[in-house]
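Report on the structure given below.
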Amino acid sequence: MGAAPAGRPPTLRYGVTVAAATLLAAVVPGGEPPGPDGGRPWAVLVGALLGGAALLLLRRRPALAVLGCLAVCTTVQLLLGAPTGLVVLVLVALLLVALRRPLRVAVVLLAVCCLVYLGTDLATGGWDSRVLAPLALMAACTAAGVAVAGQQALVRAATERAAAAERTRQDEADRQVADERLRIARELHDVVAHHVAVMGVQAGAAEQLLDTDRDQVRLALGQVRASGRTALTELGAVVGLLRTRSEAAHVDDLRPAPAGLARLPELLESVRTAGLRLTVAEQPEDPGATGLDEVADIAAYRIVQESLTNALKHGTGEAVLAVAARSGSVVVTVTNPVQPETRPGAGHGLLGMRERADLIGAELRAGPGGNGCFTVHLRIPTRRPARA
Numbered sequence: 022m023g024a025a026p027a028g029r030p031p032t033l034r035y036g037v038t039v040a041a042a043t044l045l046a047a048v049v050p051g052g053e054p055p056g057p058d059g060g061r062p063w064a065v066l067v068g069a070l071l072g073g074a075a076l077l078l079l080r081r082r083p084a085l086a087v088l089g090c091l092a093v094c095t096t097v098q099l100l101l102g103a104p105t106g107l108v109v110l111v112l113v114a115l116l117l118v119a120l121r122r123p124l125r126v127a128v129v130l131l132a133v134c135c136l137v138y139l140g141t142d143l144a145t146g147g148w149d150s151r152v153l154a155p156l157a158l159m160a161a162c163t164a165a166g167v168a169v170a171g172q173q174a175l176v177r178a179a180t181e182r183a184a185a186a187e188r189t190r191q192d193e194a195d196r197q198v199a200d201e202r203l204r205i206a207r208e209l210h211d212v213v214a215h216h217v218a219v220m221g222v223q224a225g226a227a228e229q230l231l232d233t234d235r236d237q238v239r240l241a242l243g244q245v246r247a248s249g250r251t252a253l254t255e256l257g258a259v260v261g262l263l264r265t266r267s268e269a270a271h272v273d274d275l276r277p278a279p280a281g282l283a284r285l286p287e288l289l290e291s292v293r294t295a296g297l298r299l300t301v302a303e304q305p306e307d308p309g310a311t312g313l314d315e316v317a318d319i320a321a322y323r324i325v326q327e328s329l330t331n332a333l334k335h336g337t338g339e340a341v342l343a344v345a346a347r348s349g350s351v352v353v354t355v356t357n358p359v360q361p362e363t364r365p366g367a368g369h370g371l372l373g374m375r376e377r378a379d380l381i382g383a384e385l386r387a388g389p390g391g392n393g394c395f396t397v398h399l400r401i402p403t404r405r406p407a408r409a
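All letters in the sequence shown, in the order written, are residues 22 to 409 by our numbering.
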């Protein structure tokens with residue numbers, strides 16, 4: 022007899038239970054004298070119907086149902102001068118209260134029922150040890166209801182905890198998927214944007230020199246071809262990360278091409294070939310030995326790559342690069358004049374740079390400076406602080 026949601030009519034199961042309790046109350050023999058011809062007194066039958074009606078009508082108010090059944094039981098007992106089977110309805114009502122109301126309410130109503138029933142018994146015939154049986158049954162019904170209610174509460178709490186844990190797992194999975202998509206988006210942008218920018222510059226130069234210098238055109242087209250090949254190779258490595266292990270013949274083939282400051286000379290040669298007049302103000306003898314871990318080293322390379330790509334696309338064709346490995350940090354600075362009509366920061370490049378810097382706990386400042394120049398200043402600690 023679990024609690025039904027508010028607003029629903031009594032369920033069939035509850036109605037059958039009440040009907041069975043009403044019939045049992047009407048036929049269970051009590052201590053009353055038999056009626057004419059040995060039949061049950063009419064008062065018991067009427068009391069059973071009234072008590073059953075109270076249980077049905079006051080289903081959502083079990084405390085009132087207890088009091089109603091108790092009133093019917095004691096009234097009939099006083100009329101007949103002896104106990105009756107109507108106590109069965111009181112037992113059902115007490116069980117209902119214990120199932121649906123707090124423990125203190127159930128205990129108070131149990132005490133009231135016991136005292137009233139005991140007082141009625143004393144008033145109708147004096148002390149009789151048989152009165153202890155109904156009192157024990159009242160206590161047993163209340164205890165059973167409390168135990169079942171406690172078990173139901175434990176099941177509900179466990180179900181809610183499981184649902185909350187499932188929601189937490191789903192949220193974490195969604196967050197990891199979003200982070201992975203963002204990481205792949207950054208990689209695709211960094212890989213494609215640089216090589217496409219180089220290809221665009223070289224294609225433009227080839228178009229201008231098509232009728233005047235075929236050797237330079239051939240050189241520019243060769244650079245376009247090389248940049249395209251490199252872009253496809255790196256793009257294939259990034260796309261390969263989207264495959265599952267079961268689909269991969271060789272896991273090592275799915276790893277992206279290494280991109281760290283050790284590849285800095287290759288990057289500088291690439292942008293210079295594309296037409297960027299690059300001045301290296303400062304550079305370590307071994308760019309790959311700056312003390313950065315793998316993640317920070319890749320992030321530094323990608324930020325330098327994006328900065329030089331922006332200088333190639335939006336600048337006047339000049340840039341100054343400085344990479345300094347100092348005590349406890351690596352400092353990178355890229356400065357380039359910008360064209361007057363350029364609106365820096367309108368694309369995803371700067372956003373990706375800031376996300377990479379935040380990922381490794383680095384300090385990044387990027388924006389227009391004096392003399393019409395755009396400056397990217399990056400400071401990466403060689404020992405990254407633990408992220409919360």
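Backbone N, C-alpha and C define an ideal beta-carbon position, used for all residues, glycine too.
C-beta contact flag for residue i and residue j at 8 Å
{"i": "LEU313", "j": "THR403", "result": "yes"}
{"i": "ALA92", "j": "VAL167", "result": "no"}
{"i": "ALA346", "j": "THR311", "result": "yes"}
{"i": "GLY370", "j": "GLU327", "result": "yes"}
{"i": "LEU385", "j": "TYR322", "result": "no"}
{"i": "ILE324", "j": "VAL353", "result": "yes"}
{"i": "THR145", "j": "GLY102", "result": "yes"}
{"i": "LEU115", "j": "VAL87", "result": "yes"}
{"i": "THR337", "j": "GLN360", "result": "yes"}
{"i": "VAL219", "j": "GLN244", "result": "yes"}
{"i": "ASP142", "j": "VAL133", "result": "no"}
{"i": "ALA295", "j": "LEU333", "result": "yes"}
{"i": "VAL301", "j": "LEU289", "result": "yes"}
Bridge-paired residues (DSSP) for residue i
{"i": "LEU33", "result": "Bridge partners of LEU33: none, in fact."}
{"i": "ALA186", "result": "None, per the DSSP bridge assignment."}
{"i": "THR43", "result": "According to DSSP, which records beta bridges pairwise, THR43 is partnered with nothing at all."}
{"i": "LEU399", "result": "VAL353 and LEU385"}
{"i": "GLY336", "result": "VAL359"}
{"i": "THR300", "result": "VAL341"}
{"i": "ALA346", "result": "VAL351"}
{"i": "CYS394", "result": "PRO358"}
Top-ranked residue by Cα proximity to residue i, from the options
{"i": "ALA83", "options": "THR163, ARG250 and ASP236", "result": "Checking the sequence shown, residue 83 turns out to be Pro, not Ala. Minimum Cα distance to PRO83 is reached at THR163."}
{"i": "HIS335", "options": "LEU130, VAL37 and VAL222", "result": "VAL222"}
{"i": "ARG81", "options": "GLU193, TYR35, ASN331 and THR300", "result": "TYR35"}
{"i": "ALA340", "options": "GLU303, GLN197, GLY373 and GLU376", "result": "GLU303"}
{"i": "ILE381", "options": "PHE395, SER348, GLU315 and ASN357", "result": "GLU315"}
{"i": "SER291", "options": "ASP318, ALA247 and VAL198", "result": "ALA247"}
{"i": "LEU299", "options": "GLU306, PRO305, ASN357 and LEU85", "result": "ASN357"}
{"i": "ALA74", "options": "LEU99, SER348, VAL113 and ALA378", "result": "VAL113"}
{"i": "THR32", "options": "LEU76, VAL49 and VAL48", "result": "LEU76"}
{"i": "ASP379", "options": "ARG204, ALA184, LEU117 and PHE395", "result": "ARG204"}
{"i": "ALA42", "options": "LEU85, VAL111, TRP63 and VAL97", "result": "VAL111"}
{"i": "VAL97", "options": "VAL37, LEU130, ALA127 and ALA46", "result": "ALA46"}
{"i": "THR95", "options": "PRO155, VAL128, VAL48 and VAL37", "result": "PRO155"}
Residue burial classification, residue i (beta-carbon count within 10 angstroms, cutoff 16)
{"i": "VAL65", "result": "buried"}
{"i": "LEU297", "result": "buried"}
{"i": "ARG121", "result": "buried"}
{"i": "GLY388", "result": "exposed"}
{"i": "THR178", "result": "The sequence shown places Ala at residue 178, not Thr. Its Cβ having fewer than 16 others within 10 Å, ALA178 is exposed."}
{"i": "ARG207", "result": "buried"}
{"i": "GLY390", "result": "exposed"}
{"i": "ASP200", "result": "exposed"}
{"i": "ARG377", "result": "buried"}
{"i": "ARG182", "result": "exposed"}
{"i": "ALA269", "result": "Model confidence at ALA269 stands at a pLDDT of 43, short of 50, so the residue's coordinates are unreliable; what they give is reported in the following sentence. The residue is exposed, with fewer than 16 neighbouring Cβ atoms inside 10 Å."}
{"i": "VAL39", "result": "buried"}
{"i": "THR180", "result": "exposed"}
{"i": "ASP318", "result": "buried"}
{"i": "VAL355", "result": "buried"}
{"i": "GLN172", "result": "exposed"}
{"i": "GLY349", "result": "exposed"}
{"i": "GLN197", "result": "exposed"}
{"i": "GLY225", "result": "exposed"}
{"i": "LEU99", "result": "exposed"}
{"i": "ALA241", "result": "buried"}
{"i": "LEU78", "result": "exposed"}
Within 8 Å, do at least three Cβ pairs link the stretch 101 to 111 to the stretch 61 to 79? A contact exists between the stretch 61 to 79 and the stretch 101 to 111.
Taking three-plus beta-carbon pairs below 8 Å as touching, is the stretch 381 to 401 in contact with the stretch 225 to 242? At 8 Å Cβ cutoff, the stretches do not touch.
May I ask you to verify whether the stretch 153 to 161 touches the stretch 121 to 138, counting CB pairs closer than 8 Å and requiring at least 3? By the Cβ rule, the stretch 153 to 161 counts as touching the stretch 121 to 138, because three or more pairs are nearer than 8 Å.
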